[in-house]
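From first to last, the protein sequence lines are chains D, S, V and B.
Numbering of the first sequence is given in the numbering used here, commencing with residue 156 and proceeding in unit increments.
Numbering of the second sequence is given in the numbering used here, commencing with residue 85 and proceeding in unit increments.
Numbering of the third sequence is given in the numbering used here, commencing with residue 4 and proceeding in unit increments.
Numbering of the fourth sequence is given in the numbering used here, commencing with residue 9 and proceeding in unit increments.
A virtual CB, placed ideally from N, CA and C, is assigned to each residue, including glycine.
These numbers were taken from a predicted model, which means no experiment stands behind them.
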Amino acid sequence: MSVHAQHSKTSGSVWHFLRRDPRFWAGAVAVAIVVVIAVAGPLLAPHDPAAFVGKLYLRPSATSWLGTDVLGRDVLSRLLVGGRLFLIQGLTAATLGVLAGVVLGILLGVTRGTTAAVLLFCSDSVMVIPQILLVLLILAAFGSAPLTLTVAVALAQVAYTARVIFAATGRVTTEDYYRAARAVGMGTGSLVLREVLPNVAPAVLVEYGVRLSISFVALASLSYLGFGSGDVDWGAMIHENQGGIALQPWAVVAPVLVLAAFLLGMNLLRDGLARALAARSAR
Amino acid sequence: MTAQVHGLSIGVGGGGPLIVADLELELAAGEVVGVAGETGSGKTTLGLALLGHLGPGLQRRAGQVVSAGLELLGPSAVSGTQLRSARGRTIAYVPQDPAGALAPHLRLESAFAELHRAHRMEFSPQRRAELFERVGLPSDDAFARRYPHELSGGQQQRVAIALAFCLKPALVVMDEPTTGLDVTTKLLIADLARELAAAEQAAVVFISHDLPLLFRVAQRLVVMHEGRVVETGTPTAILEHAEHPYTQRLLAAWRLGGSPAPAADGTRQVLSVRGLSAGYGDVQILHEVDLSLGVGECLAVVGESGSGKTTTARAISGLHAEHSGRILLYGEPLAAEVGRRDRAQRRAIQYVFQNPWGSLNPRRRVGASVAITAQYLRGLSRAAAEELAVQTLLDVGLRADHAQAMPQHLSGGQRQRAALARALAAGPEVLVCDEVTSSLDASVQADIVALLKRVQAERGLSMVFITHDLALAGELAHRVAVLKDGRLLETGPTAEVLAHPKDPYTAELVRAARLAS
Amino acid sequence: SAGPAATESSSPAAPTVLRVGVVSLSDADALDPAKATTTGGYILSRQLFDTLTEYGPDGAWKPQLAASVTPGTTADKWTVTLNAAKWSDGKPVTAADVVATVKRWFAKKLPPAGSLPFIDPAKVTATDDKTVEFSLKYPTVTFPEALTSPTMAIVPADFDPAKPIGSGPFVLASNDPGVQLAFTANTGYFGGAPGASELEVKSFPDSAAAASALTAGQIDVDASLDPSLVDTVKTAPGFQIFDYATSGSLTWVMNTKKKPFDDPVVRQALRLAVDRQQLIDQVYNGFGKLGNDVFNPFDPMYNSTLAQRTYDPEGAKKLLTDAGYTLPVKVELVGTNNQPTSERQNQALVQQAKAAGFAIDYKFVDSATFYGDAYGTYPLSLSYWGFLGIFDQAAFTITKTAPYNSSHWTNAEFDKLYSQAITTVDDTKRKELVAGMQKIEYDSGAYIVPLFLSTVVGLSDKVTGAQAYPNSDGAFGYNFRILGLKG
Amino acid sequence: MSTRLVIRRVLTGVAMLITVSVLVFAATQALPGDIARTILGQNATAEQLARLRGELGLDLPVWQQYLHWVGGLLSGDLGTSLASGTPVAELLRVRVLNSATVVLIALVITLPLGLLLGLAAARRGPLDVGISAAVQTILSLPEFVVGIVLVVLFGGGLLRWLPPTSPLDPRQLAWNQPRLLILPIATMVLIALPHLVEATKTLLREELATDYVRWARLSGLGDVRLLTGYALPNVLGPVAQVAGVTVNYLLGGVVAVESVFAFPGIGSELVAAVGARDIVVVQVIAIGIATVLLITFLIADLIGLLTNPKLRRSR
Ligand SMILES: Nc1ncnc2c1ncn2[C@@H]1O[C@H](COP(=O)(O)OP(=O)(O)OP(=O)(O)O)[C@@H](O)[C@H]1O
Ligand SMILES: Nc1ncnc2c1ncn2[C@@H]1O[C@H](COP(=O)(O)OP(=O)(O)OP(=O)(O)O)[C@@H](O)[C@H]1O
Ligand SMILES: [Mg+2]
Ligand SMILES: [Mg+2]
Ligand code: NI
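Rendered as structure tokens:
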């Protein structure tokens, strides 16, 4: 038969693979820088981000390194301040979405049956609608307060996560070790906690990475489209300064760069992690 | 000489470990050379090297391969077009899994046409028909217009062999061409290889880890171990004076034989299965199966792949509730679903799974996996359960420190022992062993069988031993039940069934088992 | 005083297409002028129809479809005579059409009916083909001004909004709601043919898009150039800026029914907390005219003797602490995108008022939410107002009976002066009364009129005929008939 | 056998559409306040409200409202915009055409280009590295950023080659205004392309690693033949499915791209409608897009089914 798995001693931890992955480290550095900007930014900001430091759309100068924006506020300071809420929102949305999706996916995967099939079919149907559309539909129905926004983005992800985790759970429940656990009489709760969860954890981790990226992309886009939190954030900066591109490109280019660095970094980080997890589970 | 391998060493990357070391081999036309060896011993690597092919990341370190007068590997090896035109034409390859190796979008005749086209040769349907006839396939055109998925596994393998011999190659490498086939087809293929080698005057390299099969097919045998040839000679010579300890172990495993320990009390029924029918969704797999198992007895359930052996085992263990019929433990009917059985019942029947790679939770230490059974089924405290787990691991021949290991750090045989320990930790009365040795190497297989025999005797266990290997059944079981297509064909004391099979199918199985030995 | 200055380019040469970009057309743009509430609706009304009177380039009212509008001996009798105008189907515009239009407003309870409480529809009569007599419920000196709104356009007696036949300078060629309006010139327009033979009004979601379309040559006129983008247009070769101050304003409304604005001291303090000059400089790139919390500097009755209020954060703090408030005073501000600069103006207020002891919590909501059920309950919000004479402004937004008084501010003295003034025909006497009204507002009112907005228009150098319409909403009061194209 | 699969697949599609429509319909139920009042405004009289409610079926039980709504959609009555009172069909006519033009042109460019680049990237080498880096970068960026970057580069930021906004003239067909389409279409292509390239590459690589390709290689077949004669025919089905998903990205991308370029299509209309809480318009657009996507997926799956060699029969 064909389970000639290698009896290799170097089963290795995830770190073992990550340590030698330059793309992972590039991503990690990019994300770390942006996170530091977002967290410590308000302390580092040279000016009050709401204060007027000069005329509007001034080019970069010694007092304002990245120039001023449409209201004559310091672009650099706004850039530094604009990440905190954005990161919190994205983190919250992804966490809520993944939590809900994981719970749903595992429940469906463990219970199966008709209810599960119907729910799964519904969630598959939801996935037909492009995500941004789904979020906009929710916003149209419930209005666009910052909290609604976060919840809408989270909701739009649930079906996807549930699908992935359902599949991962399905793989576990058809394994013999799961059967063995059933045979000793473990209840559903224990089965989920002790057999399913530890084994879908890598899938959850990768999925969380995916959902984080997608939440950030969605929030930035919504903010750009004018459904943002109303506070300073990068998507909104691009939106409000887009008209001045020819006068003061930095007011647009700077947030675009930060956003791009962050999202690209997230992707590299996540792909690196996924590669390492895959390499480890390949044994 | 058709082909020569001289001092060949192949390693991983620039400085990685050697996979094939210092290998010498000579092949003559019309000769079948068998290559044996446990998994990972370098058989495939050698086979592919004969075609001048190295897997990704592999490097030739020393030596050369000359096939049909062409240096395929070596300091002045041919490459490019020359190499390409040698492959398929002068040296052909028969892959292990024909289902995956035949291009799904090509009709059989197109596959032949493609091969000819690649070598700029005229394709003649007569040659194809002749070859099909020779390998025992229908030679008509309608058959040739089929797609691979319209063939059975054995037929696919024969098509692959026909393709390999099509351009009259000087050398054919067959890499485990019989894996996944049932015993009868296996023997047919082996005979075919031998006939074709003689008829087409080709040298054939027949790779397999099935020692009995090689004894039957090969004129010369090469035993590999850790990338080196440890033994070479005619089958008889090897049988008589095997020198290398590894070969000796292999032979010992094969000759093991023996008879089961006497049953404690064959008359009292531990377990009986009455009119068991089961299926998956709309498909019915088992039809009215009746089995009974006496105390201390070992019942072998024998049948080919897909006959419903695992399904039966799962139904008994309460893991396949989609069934009708009754399963009785000491005359008490058992609930279909394991969750509905009480603790004593769950504890009485323990299941050891077919595949050791999936039966232990990869995120839990081996010791904990074993301890859980004791905790749940014997109501032991955690500490007591862990202590018992260690004890049981020792019992099945593992070390105490294995309790702290993760399953992925154990070999297949070790895992199977751990899985057995998990079952034993419950203190069962009936052990259901589902092909517990089929995914293990021959030498490991023998150890496990010996272990099972021992624990059965020591603990007075009753056992349902599921296998597709009648020979193994003879060694362990007091009684045999033969399954085919989900129906019970016959059942009776092992010796009797082996000596006087009633059903023609059983007779066929018995004959195949004899032939193999 | 007939038609506008369009006569200069009446030569019917090759077709000239004038392309105007606006922010923004909407699906709600009504073809029925009386229902117009949007930019597109006003544009449609101005091109397809005429109002009896309009505010001219100098900001004073003048007759438009009317040849004259004259009061009787008292301000409750008005006689309107009509110009020799024709509907686009060729029939003449008659006094009967005017009467029918007015009656339609009241019969269907259309918005103009609400704005003209002094008209008694039963007492509007056509005395001959070209003359209409209005007998008002009470004397109203502002009668001609009251008829200037584009919603009060005159329509044919058998008007069908689906096929809008009007007397205006253009006829509708096509209408793609929210995307584009296209018109062809009405060459027989009584005021002289428009300067361009075709007019296209294109919608842009924001001013930035319109500005880049202008410099990319996709439009000739950017009718609502965001002041912040003036330099993009100015630095592009072949384009110019045309700007003028108007009576329009983005006004902060303090709700006197909500704490802390029920206290006049807090209202005065917040008025001191606004740096008006800075708003003009930062938000409006220097375009705009200082406001003094009372309306319409272009009205001849405007009280220009009130001292200009300046930024005085210390003064504001003192007022608050003297009144016993502990600083900072917390205030909720609700805003939406009702004008492109609203958001920025609100953000600037938050910043400026901080120094004056106010902690403003700014909540941005979408416009549907803003104008939804909660409208009128916000403690502090920003409204777009203006282009009304002082009396109309008072009638709509200040007096006790004003329909749009979302400040809920009332003052009996003010109302008394208002009703005296509106019936006073004598100009100097009336001016005195108005000065009194505005003083009350200045001292205790609930509006902050920080500045008057400039209309800033981006133009291709080819566009001719631009004129300022300070008392009218939109570029040139949406009178695109005055524009021509050279070359 | 095959027809049964096809019928099954079509029925699944219909069931999905019904599910989606129920979900989209549910959005109305979530709307706060009274729809009739929202349409008619604060000054509406009680009779007016009652009449409109009757017309819209707001007095009926929820499931009847749903049937009423679906019946309307099926008979071409898309309802009336809450914000403007205009029939939604009229409102969307031009915009649907505009968006369809952009999406179709982008699709026609993306499909062959994606296959080609995927094919190029499937063979390891510097080309693959370059393509993969570009693909990864674009994949991680929001759609609007891709559009903005193009504007910065070509639409006035650095170069003034192309108009930075695309105010189409609705009286002409969209493709008669090519200069205005270039940047939106380029953005759409850039958004959709990476998914297709990546998928084609992965599929081809998987195919090239299969046993049958390896065996064909060991039987002396050349690289080119392996790619075109063996791998390609077997990836067409899966690639068709990926192409279906590409339409998903294009339709989703429409929202951001049209907003960046002020392009009058359904995407920008959607944003406006959400801002105005005009749920009726939003629902029609959502259902419309879902329907188009379901049909696309259906076609893609059918192509997948038909090209699946496992379902071929010899005869
Ligand atoms: N491309 C490669 N790179 C690195 N290691 C390899 C590669 N190919 C094979 N190996 C290693 O070389 C050893 C021998 O492999 P090979 O496939 O030749 O074994 P085999 O005898 O055919 O085994 P089996 O019975 O399982 O088919 C194994 O340990 C395998 O992991
Ligand atoms: N989960 C399942 N769903 C549907 N069919 C199944 C499932 N598991 C097994 N089968 C089918 O049931 C039949 C019997 O399977 P079973 O596993 O019992 O065979 P087996 O005798 O154990 O074979 P092997 O020797 O290969 O292990 C096979 O045809 C198999 O395809
Ligand atoms: Mg091998
Ligand atoms: Mg089995
Ligand atoms: Ni094997």
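- Against chain S, the beta carbon of Val-339(D) has neighbours under 8 Å at Arg-430, Ile-456, Thr-457, Tyr-460, Leu-461, Ala-510, listed in chain order.
- Applying a distance threshold of 5 Å between residue Cβ atoms and the heavy atoms of ligand 2 selects Tyr-364(S), Ile-369(S), Ser-389(S), Gly-390(S), Ser-391(S), Gly-392(S), Lys-393(S), Thr-394(S), Thr-395(S), given in chain order.
- In chain order, Ser-370, Phe-371, Leu-374 place their CB closer than 6 Å to the CB of Gly-245(D), counting only its own chain and leaving out the 5 sequence neighbours on each side.
- About 6 Å separates the beta carbons of Thr-396(S) and Val-373(S), which is inside the 8 Å limit, making them a contact pair.
- Counting the other CB atoms within 10 Å of its CB gives Tyr-330(S) a total of 16 or more, which places it among the buried residues.
- Ser-107(B) is a Cβ neighbour of Gly-273(B), given a cutoff of 8 Å.
- With contacts defined as CB atoms closer than 8 Å, Glu-193(S) and Ala-228(S) qualify as a contacting pair.
- Between Asp-234(V) and Leu-402(D), the C-beta gap is smaller than 8 Å, which places the two residues in contact.
- Cβ-Cβ distances below 6 Å link Ala-170(S) to Leu-154 in the same chain, with the five nearest sequence neighbours on each side left out; the list follows chain order.
- Shown here, Leu-68(V) sits in coil according to DSSP, grouped into three states, outside any helix or strand.
- In this structure Gly-100(S) is not in contact with Ala-146(S), their Cβ atoms being roughly 15 Å apart against a cut-off of 8 Å.
- Nearest in C-alpha terms to Arg-222(B), of all of Asp-525(S), Pro-140(S), Ala-473(S), Ala-254(S), is Pro-140(S).
- Following the DSSP letters along the chain, one finds His-90(S) in no alpha helix (DSSP H) but inside the beta strand (DSSP E) bounded by residues 87-96.
- Chain-order list of chain V residues neighbouring Gly-385(D): Tyr-365, Lys-366, Phe-367, by C-beta distance under 8 Å.
- If you draw a straight line from the Cα of Val-332(V) to the Cα of Arg-168(B), it is about 50 Å long.
- Residue range 304-309 is occupied by the beta strand (DSSP E) that includes Met-308(S).
- Interface annotation, Ala-314(D): not in contact with chain B, CB-CB separation never under 8 Å.
- Taken from the Cβ of His-137(S), every heavy atom of ligand 1 lies 7 Å or farther away.
- In the structure shown, Met-196(B) adopts helical secondary structure according to DSSP, grouped into three states.
- Taking all protein chains shown into account, Leu-302(D) has fewer than 16 neighbouring C-beta atoms within 10 Å of its C-beta and is therefore exposed.
- Chain-order list of chain D residues neighbouring Asp-229(V): Val-225, Gly-398, by C-beta distance under 9 Å.
- Taking 8 Å as the cut-off, the Cβ atoms of Val-117(S) and Arg-300(S) do not count as close.
- With distances taken between CA atoms, Glu-234(S) lies nearest to Ala-187(S) out of Arg-211(S), Ala-187(S), Asp-106(S), Ala-202(S).
- Beta bridge pairing from DSSP links Tyr-450(V) with Val-256(V).
- About 7 Å separates the beta carbons of Ser-148(B) and Met-421(D), which is inside the 8 Å limit, making them a contact pair.
- Put simply, of Thr-343(D), Ser-299(D), Ala-295(D), Leu-274(D) the residue whose alpha carbon is nearest the alpha carbon of Val-313(D) is Leu-274(D).
- Cβ neighbours of Ala-503(S) within its own chain (closer than 7 Å, five residues either side excluded): Val-436, Phe-437, Pro-440, Ser-443, Leu-444.
- Between the alpha carbons of Ser-376(S) and Leu-383(S) lies a gap of roughly 8 Å.
- For the pair Gly-427(D) and Arg-178(D), the CB atoms are nearer than the 8 Å cut-off.
- Contact between Gln-50(V) and Pro-175(B) is absent: CB atoms are separated by about 19 Å, not below the 8 Å threshold.
- Taking a Cβ-Cβ cut-off of 8 Å, Asp-388(D) has no neighbours in chain B, whose nearest Cβ is about 13 Å from it.
- Residue side-chain check: Lys-127(S) places its Cβ nearer than 7 Å to a non-hydrogen atom of ligand 1.
- Contact residues of the region 231-249 of chain V toward chain D are Ser-231, Leu-232, Asp-234, Thr-235, Thr-238, Ala-239 (C-beta to C-beta distance below 9 Å).
- Proximity of Ser-401(S) to chain D, defined by a Cβ-Cβ separation below 8 Å, is satisfied.
- For ligand 3, a non-hydrogen atom lies closer than 7 Å to the CB of Asp-259(S).
- Between the region 389-397 of chain D and the region 124-143 of chain B, the count of C-beta pairs closer than 8 Å stays below three; the two stretches do not touch.
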